[in-house]
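Below you'll find the structure, written out as structure tokens, and then a few comments.
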Amino acid sequence: MELIQKGIVMALVTGGVGTVGYYTVQKGNGTTLLDHITSKKRELISEDSEWEKKDKAYKAAQKEEIISSVEPRDRTKTKLWQILKNWCTSTGNKVFTNIHDDTYQKFSVWCLKDKTIEKDLQDEGLQKVTDWQTKAAEFKDKEKNLDSGFITPKGDQPPAKPPAPKAEVQGTDVEAWCKDAEQKPFKHEVDQTYSRVRKWCFQAKEQPKEGKPNSAKK
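Residues in the sequence shown are numbered consecutively from 1, following UniProt numbering.
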């Protein structure tokens with residue numbers, strides 16, 4: 001039976017149906033893109049007015065963000081946003097493999113309702129950092145953090161005798177960066193800004209400590 005199933009898949013691929021046939025056969029055994037985004041509390045765009053907003057953004061997008069089968073221009077009888085909508089509708093039924101998959105990333109960027117990084121991380125069950133000084137210390141640890149060029153010192157610096165040493169990132173600098181970055185639109189989990197916000201601005205929710213049971217009165 002296993003050989004027969006493999007033969008069906010190969011026949012579909014070589015027979016011209018290609019990827020569509022593969023996903024049709026495999027759909028029952030895996031999570032679709034729509035299944036995955038729904039589990040992450042994200043939603044597919046539903047209103048035409050929202051699709052129309054994607055039109056301008058797509059035409060101005062970087063080359064690496066463009067869907068290979070969707071050129072960033074209108075057709076003679078079809079607007080770009082309608083082409084995007086059709087692509088998203090059909091692509092949502094494809095199998096989700098992992099967050100590094102190019103199709104998933106394009107689907108996440110162009111097919112879903114707008115959502116900030118802050119909102120997405122909160123929906124993941126994380127909470128905002130409160131101990132910014134500790135985060136700043138971790139950020140400045142060159143042995144553990146090799147990605148430190150995106151926050152520059154701007155806050156109050158501790159007094160120093162001349163010649164003044166090079167300014168260091170303080171807790172207020174990390175906090176200020178987070179307040180700005182967390183409001184940027186969520187694209188997907190591999191997006192650099194998202195990864196940085198998740199690492200430096202959010203943390204797991206603290207579990208409430210259980211109180212000591214009251215001793216029974218004699």
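Glycine is no exception: its CB is placed at the ideal position from the N, C-alpha and C atoms.
Confirm, please, whether the CB-CB distance from residue j to residue i is below 8 Å.
i: T116; j: K184; result: yes
i: I67; j: K106; result: yes
i: K154; j: D141; result: no
i: F202; j: L126; result: yes
i: K94; j: L33; result: yes
i: L84; j: W110; result: yes
i: V197; j: I99; result: no
i: W132; j: E175; result: yes
i: residue 221; j: E118; result: Any answer about residue 221 is impossible in this case: the structure gives the chain only from 1 up to 218.
i: K179; j: D123; result: no
Taking only the alpha-carbon atoms, compute the straight-line gap between residue i and residue j and give it to the nearest angstrom.
i: D74; j: G30; result: 34 Å
i: E52; j: C88; result: 14 Å
i: E71; j: D101; result: 20 Å
i: H188; j: S108; result: 6 Å
i: E50; j: Y194; result: 23 Å
i: K166; j: S39; result: 46 Å
i: K63; j: H36; result: 26 Å
i: K54; j: T130; result: 35 Å
i: E47; j: Q82; result: 11 Å
i: T78; j: F96; result: 29 Å
i: S148; j: W200; result: 11 Å
i: K59; j: E65; result: 10 Å
i: W177; j: A61; result: 24 Å
i: D120; j: E43; result: 12 Å
i: I45; j: S69; result: 20 Å
i: E206; j: Y104; result: 32 Å
i: Q26; j: Q192; result: Because the pLDDT of Q26 is 42, which lies under 50, any placement of that residue in the model is unreliable, and the number read from its coordinates should be weighed accordingly. If you take the alpha carbons of Q26 and Q192, they lie about 31 Å apart.
Report buried or exposed for residue i, applying the criterion of at least 16 other Cβ atoms within 10 angstroms of its Cβ.
i: Q170; result: buried
i: G28; result: Note on G28: pLDDT 45, under 50, position unreliable in the model; the coordinate value appears next. With fewer than 16 other Cβ atoms within 10 Å, it is exposed.
i: L146; result: exposed
i: F150; result: exposed
i: K136; result: Reading the sequence as shown, one finds Ala at residue 136 and not Lys. By the neighbour-count rule (16 or more Cβ atoms within 10 Å), A136 is buried.
i: A204; result: exposed
Under 8 Å between C-beta atoms, does residue i make it to chain B?
i: K144; result: As a matter of chain content, chain B is missing from the structure shown, which is built from one protein chain.
Is residue i near the ligand ZN - that is, is its Cβ less than 7 Å away from at least one heavy atom of it?
i: W51; result: This structure lacks the ligand ZN, and indeed carries no ligand of any kind.
Decide if the stretch 80 to 98 is in contact with the stretch 142 to 150; the criterion is three or more beta carbon pairs, one per stretch, under 8 Å apart.
Contact check between the stretch 80 to 98 and the stretch 142 to 150: fewer than three CB pairs, one atom from each, fall below 8 Å, which does not count as touching.
Completely contained alpha helix (DSSP H) runs for the stretch 51 to 107, where each covers 4 or more residues:
Within the stretch 51 to 107, the complete alpha helix (DSSP H) runs of at least 4 residues are 80 to 91.
Along the chain, which unbroken stretches of the beta strand (DSSP E) at least 3 residues long are found entirely within the stretch 162 to 212?
With a minimum length of 3 residues, the continuous beta strand (DSSP E) runs that stay inside the stretch 162 to 212 are 202 to 204.
As an exercise, report each continuous alpha helix (DSSP H) stretch of at least 4 residues that is fully enclosed by the stretch 119 to 163, in chain order.
Runs of the alpha helix (DSSP H) inside the stretch 119 to 163: 132 to 140.
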